[in-house]
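Step one of this worksheet: look at the structure below.
Number of protein chains: 2
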Amino acid sequence: MNNQNTNAVPPDLLDVVIVGAGISGLHAARLLRPDFRIAVLEARERVGGRLCNHRFANGETVDIGGQWVGPGQDRMYRLIGELGFETWPLYDSGDNLLWDGTRGRRYRGTIPRIGPLALLDLGQAMARFERMAKSIDPATPWTHPRAQEWDRQTLATWLQRNCKTRRARELFAIGIGAVFAAEPEELSLLHALFYARSGHSLERLLSVTGGAQQDRIHGGTAGLCTRMAMELGDDLHLNAPVHSVEREPEGNLQVHFEGGVLRCRRLILALPPNQALRIRFSPALPASRDQLWQRMPAGSCIKCVARYERPFWRDQGLSGQVTSAEGPVRVMFDNSEAGRDSGLLMGFLEGETARHYSGVDPEERRRDVLDCFARYFGEQARRPLEYVDRDWSSEPWSRGCYAALMPPGVWTHYGETLRGDDAPIHYAGTESATEWYGYMEGALQAAERAAGEIREALRYSVDSTSLMQRRTREVPRV
Amino acid sequence: MNNQNTNAVPPDLLDVVIVGAGISGLHAARLLRPDFRIAVLEARERVGGRLCNHRFANGETVDIGGQWVGPGQDRMYRLIGELGFETWPLYDSGDNLLWDGTRGRRYRGTIPRIGPLALLDLGQAMARFERMAKSIDPATPWTHPRAQEWDRQTLATWLQRNCKTRRARELFAIGIGAVFAAEPEELSLLHALFYARSGHSLERLLSVTGGAQQDRIHGGTAGLCTRMAMELGDDLHLNAPVHSVEREPEGNLQVHFEGGVLRCRRLILALPPNQALRIRFSPALPASRDQLWQRMPAGSCIKCVARYERPFWRDQGLSGQVTSAEGPVRVMFDNSEAGRDSGLLMGFLEGETARHYSGVDPEERRRDVLDCFARYFGEQARRPLEYVDRDWSSEPWSRGCYAALMPPGVWTHYGETLRGDDAPIHYAGTESATEWYGYMEGALQAAERAAGEIREALRYSVDSTSLMQRRTREVPRV
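Chains as they are written, first to last, in the numbering used here: chain G, 5 to 482; chain L, 5 to 482.
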């Protein structure tokens, strides 16, 4: 790895520069590097982006960013295997808890035990949502016959109309919070439907076993990224935030970053939209691209983890999973790593709650979160060996999690822009994925698409200088 | 004016640096300069921001950006007077045209002649909207008893429910397009209500005589800015885009711009949110500020002006004002300057239409716009002496017009952040105004508030070094 970045004179012409060493940028690099001269620029002092390990005092690590893989995410399981990593299933035995303000009720599966009317109501609303989602083509949501109608309203408006009981609406909203790290009014109905469809179904996004929360990775999701980064050697530049990109008269690009400049024929931006927006382009990007990025804010999430000597809640037959109408922590999981003694409880602060706790003193935040843990799992939960949380909205190079979300009108007005490139600039990152948008799987799918665009473009290129410089291999693969 | 910006070593400590020489930044400078050491940094090679003059071949100029002032905008009329400028009323005689696809109907006033049912429907919806708007405190829209309900839905949802006839909905939407340069689904209902309230009423925002489109300024609104800039002399730096702001250990700020750095005790950002977002702050701004800016995209507008030998439409008793259900130009005005021979017709491409025409070849855009002009005013309108248009979404230092808009959920989740500062960083610009948000008047009001915050802060400052450096005057005024 290259931490110097002291080159001031425009260097040789690379084939591809990739901005962002999250899992999407690293995957694109991995796909292109055998056949092209590439470099990866990363703003942080580490790789992984929204994937990050926290190391506890006892040496154990935990994912403090994105952490789960599940069925249907074939690229992820393939990558995990290729890199020699192993998964384990999240602890999903025993009873889940539904907290309704005064007490916890035990239940199993995805849908909590609530009164029969509310249950029927919730079931009907979810079934209706799933049917609508299923009818969407995730590659082109704006072409759906009802796209206009669905993109004109917020998910909150739809919930108001389609859940008759307050209870069902509340539970639906908790699910939405867990999936989007946002409130229902922040989302276009069409976006919520697309998002569910791009990850198969809402049911799958909400589920543990058989769903998007099924498996964890030993060594952490950030471990995957570190392994991919090692393959890159000096082609990876850390501490290298890109501030501007300039096109030379002949069409090549100069990528200016803190401490240096690289020249390339093609560029991949593997960044969340709110970060891509902060790079200055000369000539300026098309209006539609800039205005699209202005309309893709990131969700709001603080991830909180407490480490205990052992997972004591399991003794009481509890799974560690909580759904609570009462905050601040509304969703919890048993985050303990298989094969270790420590018990880890993990809770999310999401949407409006995350916004509030972003501005709160860290000690107060810790206290309020552990208050919640203790309410759900008893006094023992109030005194962990260690506690850590991460406010992703405060991270300068992410500024929100899990992913960018679409307010009303964005898909129907800017959908085609999102799906295109601005050659020689191409887009990766989970926000440009058609499958599993917002997930690591989407990040890989987007990287593969972007790498394919670049292969296509450079294969037919007649720039002989660069062709000569290029490492020669037999047949380009994607 | 200082076009050099070649200073590389941190210079003396200024009291205030103002970023952005639009009318808000320039007004703040004007207020503070008598008593403090200030500098203004402007990214463009000109001042004015979203205010800009276009010079025709015959030497006449026209506002190609913001242009109108009207009753209730007392600060603007005062400034116009102080700077020695004069206004004239927009040509508002004769009949307006309502175009319904096959023919134009003539009407007078703000509301076109439509069928009695649609008219009743539109009237009722507008009255309901006005009543709701009137009940809002524009300083704190999120405290309204129904704020949550109104911020959970789009204006489109509200229109769907409150206009029974398609015709009324269509006309309401054209009005919204003219006021916001956006589609109804892009706006939170609460934001639309706040916006109308902050400029008195929707009726006033839509009206010519007695409304926000009443008066123009000889010499252009940009002329005001140029005059204000002349007062600044070397304290104004053009071609000086700010890329980062760093806080020194003692709390002063270093403002890094292309070609130099300035040091100051206080900073005013007089920028649209989408531009402020692109500056890098160290330490990072609070999460709530960054996430707020991510959620305040700019509207979409292309302003089109054609110059003719004379205002020939007046001969037919036409005002030059058009409301059309058919695009691309849905709203038009007679933009001729009083006392000149030329006739100017001006039309807006707004919202979705602006997005489309942003990506279209300029020749095709001109042709389609003039097709529209000819449809409304006859063949003579197809052959102007000159034609000019400006796509504000393509302007790198604006990236949209007229102002930033709030999707659902932003006011209720981030309203308090919008109304606060991050001392020593303060906010001006029309998007931080409580009165006439989105208008020049709002830009002045915000500047006065920001200047007041700074006076307050620096008055009680104990930094004696800076006090000694400060130009001494008697009593600080705002």
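Just so it is clear, CB atoms sit at the ideal spot from N, CA and C, and this is done for glycine as well.
- Within the region 191 to 243 of chain L, the complete alpha helix (DSSP H) runs of at least 4 residues fall at 193 to 202, 206 to 210, 225 to 236.
- Note that the C-beta distance between residue 27 (chain L) and residue 45 (chain L) is not below 8 Å.
- The way I'd put it, the region 119 to 135 of chain L does touch the region 163 to 179 of chain L; three or more beta-carbon pairs between them come closer than 8 Å.
- Note that the C-beta distance between residue 206 (chain G) and residue 134 (chain G) is below 8 Å.
- Cβ atoms of residue 338 (chain G) and residue 324 (chain G) come within 8 Å of each other, at about 3 Å.
- Residue 49 (chain G) is classed as exposed because its beta carbon has fewer than 16 other beta carbons within 10 Å across all chains shown.
- Residue 304 (chain G) is classed as buried because its beta carbon has at least 16 other beta carbons within 10 Å across all chains shown.
- Sequence-distant partners of residue 180 (chain L) (beyond 5 residues in either direction) whose C-beta falls short of 6 Å from its own C-beta, in its chain, are 188.
- Judged by beta-carbon spacing, residue 456 (chain L) lies beyond the 8 Å limit of residue 274 (chain L), meaning their Cβ atoms are not closer than that value.
- Think of a sphere of 9 Å around the beta carbon of residue 291 (chain G): the chain L residues whose beta carbon falls inside it are 304, 358, 359, 362, 363, 395, 396, 397, 398, 399, 403, 404, in chain order.
- The residue among L:243, L:269, L:176 with its C-alpha nearest the C-alpha of residue 251 (chain L) is L:269.
- The Cβ-Cβ distance between residue 92 (chain L) and residue 219 (chain L) falls below 8 Å.
- It is roughly 4 Å from the alpha-carbon of residue 284 (chain G) to the alpha-carbon of residue 248 (chain G).
- Residue 368 (chain L) sits exposed, since fewer than 16 C-beta atoms from the chains shown fall within 10 Å of its C-beta.
- The Cβ atoms of residue 182 (chain L) and residue 137 (chain L) lie no closer than 8 Å to each other.
- Interface flag for residue 413 (chain G) against chain L is set, since a Cβ pair is found closer than 8 Å.
- The three-state reading of DSSP puts residue 392 (chain G) in strand, counting E and B together.
- If you check the CB distance, residue 223 (chain L) and residue 60 (chain L) do not come in under 8 Å.
- At a cut-off of 8 Å between C-beta atoms, residue 279 (chain G) does not count as an interface residue with respect to chain L.
- Just so you know, the alpha carbons of residue 385 (chain L) and residue 185 (chain L) end up roughly 24 Å apart.
- Residue 156 (chain L) is a Cβ neighbour of residue 161 (chain G), given a cutoff of 8 Å.
- Interface flag for residue 253 (chain L) against chain G is unset, since no Cβ pair is found closer than 8 Å.
- An exposed status is given to residue 106 (chain G), since fewer than 16 other beta-carbon atoms sit within 10 Å of its beta-carbon.
- Between residue 328 (chain G) and residue 103 (chain G) the beta-carbon gap is near 4 Å, inside 8 Å, which marks them as a contact.
- Within the same chain, Cβ atoms closer than 6 Å to the Cβ of residue 358 (chain L) are found at 304, 305, 306, the five residues on either side in sequence being excluded.
- For residue 376 (chain G), the enclosing alpha helix (DSSP H) has its first and last residue at 366 to 381.
- Within 8 Å of the CB of residue 187 (chain G), the CB atoms of chain L belong to 413, 417, in sequence order along the chain.
- Within chain G, the residues placing a beta-carbon under 8 Å from that of residue 301 (chain L) are 295, 298, 299, ordered along the chain.
- For residue 109 (chain L), the uninterrupted beta strand (DSSP E) segment begins and ends at 108 to 111.
- Per DSSP, residue 324 (chain G) is not a residue of any alpha helix (DSSP H); the beta strand (DSSP E) it occupies stretches across 322 to 328.
- At a cut-off of 8 Å, the C-beta of residue 247 (chain L) has a neighbouring C-beta in chain G.
- Ranked by how close their Cα comes to the Cα of residue 141 (chain G), the residues G:39, G:40, G:461, G:440 have G:440 in first place.
- For the region 153 to 179 of chain G, the set of positions with a beta-carbon nearer than 8 Å to some beta-carbon of chain L reads 155, 156, 157, 158, 160, 161, 164 in chain order.
- One Cα belongs to residue 42 (chain G), the other to residue 397 (chain L), and the distance between them is close to 33 Å.
- In this structure, DSSP gives residue 65 (chain G) an extended state, which the three-state scheme calls strand.
- If you draw a straight line from the Cα of residue 228 (chain L) to the Cα of residue 69 (chain L), it comes to about 13 Å.
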